[in-house]
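A.B. asks: The structure follows.
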Amino acid sequence: MPSKKFFQSNDKLPQFLSFDFSEYQIYPKFQNNNLSFYDYYLALANIIPHNFESYAICLHPIGYYQNEQYIEPKINNRKSIFKAFEISVNDEINLDYLCDLESELFQKYSSLLYTSNGDCSDVQFNFMINTLKNLVDNEIYYYYELLKIISYSEYDYSKISELLFKGEILTHQELQQHSKISTQPTILFDDSEKWVIATDYDTPYTFIGGEKYFVEKFLNSEYDIYPITPKYQWVKKYD
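Position one of the sequence shown corresponds to residue 9 (this note's numbering), numbered consecutively onward.
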């Protein structure tokens, strides 16, 4: 593989991504304290503050255990696993409908199933990277939070709390080779601050934010990427 222009950067996350949640409160307020990041919309609000015109969600694949071995799903969409577990699916698919079916699936087979927190599949990631290559012609940033560094690299995390790289748009395999981190980054963005692709260590979703035309290029049911409209936003607390 030819050498890529890729380097560790001393730049800082832009303000719209280094959001100080302590100074804000979520709106509308919750009616109870039973909160979960398995709520798509709550996860979106906590991963990408409401800065963009349009959003999409990539649902990470559902795998399952068989004879105490984890089976990685070969197809990266919910429709295939619903079929495998004999849950009927209509032709018309939307995010809320998928959420209902997923709840039904986990109620019946929770002991067998596993969602991929913190990473979409390599196939999904590379689809997003290839899409990005057609939309962005400059270098991009790759940001890794501490928990991903601790779990997936040999960096001395006693000396660092985060890592930021900058370079060409790389596939998952290329990125692992150059970053020496065997997982996907927490955030992808560039200097334009017009788009972001972000996940979180503990959530089974990746989110895309940007202008409407940008986000629409990523929508693809084969890879479980669907539009999502924010239900929550952060408002400044009164002093």
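All residues carry an ideal CB built from backbone N, CA and C; glycine is no exception.
Treat the numbers as computed from the prediction; the structure is a model and nothing was measured.
Any idea what DSSP makes of K37, helix, strand or coil?
C.D. replies: By one-based count along the sequence shown, residue 37 stands at place 29. It is coil, neither helix nor strand.
A.B. asks: Does DSSP put F45 in a helix, in a strand, or in coil?
C.D. replies: Here residue 45 refers to the residue found at position 37 when the sequence shown is read from its first residue. With a pLDDT of 48 at F45, under the threshold of 50, the modelled position of that residue is not reliable, and the figure given next carries that caveat. Three-state DSSP puts F45 in coil, outside helix and strand.
A.B. asks: To the nearest whole angstrom, what separates the beta carbons of I148 and L196, a pair I think is in contact under 8 Å?
C.D. replies: The count along the sequence shown starts at 1 and reaches residue 148 at position 140. The count along the sequence shown starts at 1 and reaches residue 196 at position 188. Right, the Cβ-Cβ distance comes to about 6 Å (below 8 Å), so this counts as a contact.
A.B. asks: Output needed for N142: all residues of its chain with C-beta closer than 8 Å, excluding positions within five of it in sequence on either side, in chain order.
C.D. replies: As a working mapping, residue 142 is identified with position 134 in the sequence shown. Cβ within range, chain order: K225.
A.B. asks: So the candidates are L178, A92 and L67; which of them puts its Cα closest to the Cα of F14?
C.D. replies: Locating residue 14 in the sequence shown gives position 6, where the first residue counts as 1. Of the candidates L178, A92 and L67, the one whose C-alpha sits nearest the C-alpha of F14 is L178.
A.B. asks: Three or more beta-carbon pairs under 8 Å between the segment 159-173 and the segment 107-125, yes or no?
C.D. replies: The segment 159-173 vs the segment 107-125: no contact.
A.B. asks: Does DSSP put F8 in a helix, in a strand, or in coil?
C.D. replies: This structure gives no information on residue 8, because the portion of the chain shown stretches from 9 to 247.
A.B. asks: Quick check: P238 and Y63, are their CB atoms within less than 8 Å of each other?
C.D. replies: Counted from its first residue, the sequence shown places residue 238 at position 230. Counted from its first residue, the sequence shown places residue 63 at position 55. Yes, they are a contact pair.
A.B. asks: Nearest by alpha-carbon distance to T194: which of Q16, I55 and E110 is it?
C.D. replies: Here the question's residue 194 lines up with position 186 in the sequence shown. For the residues Q16, I55 and E110, the minimum Cα distance to T194 belongs to I55.
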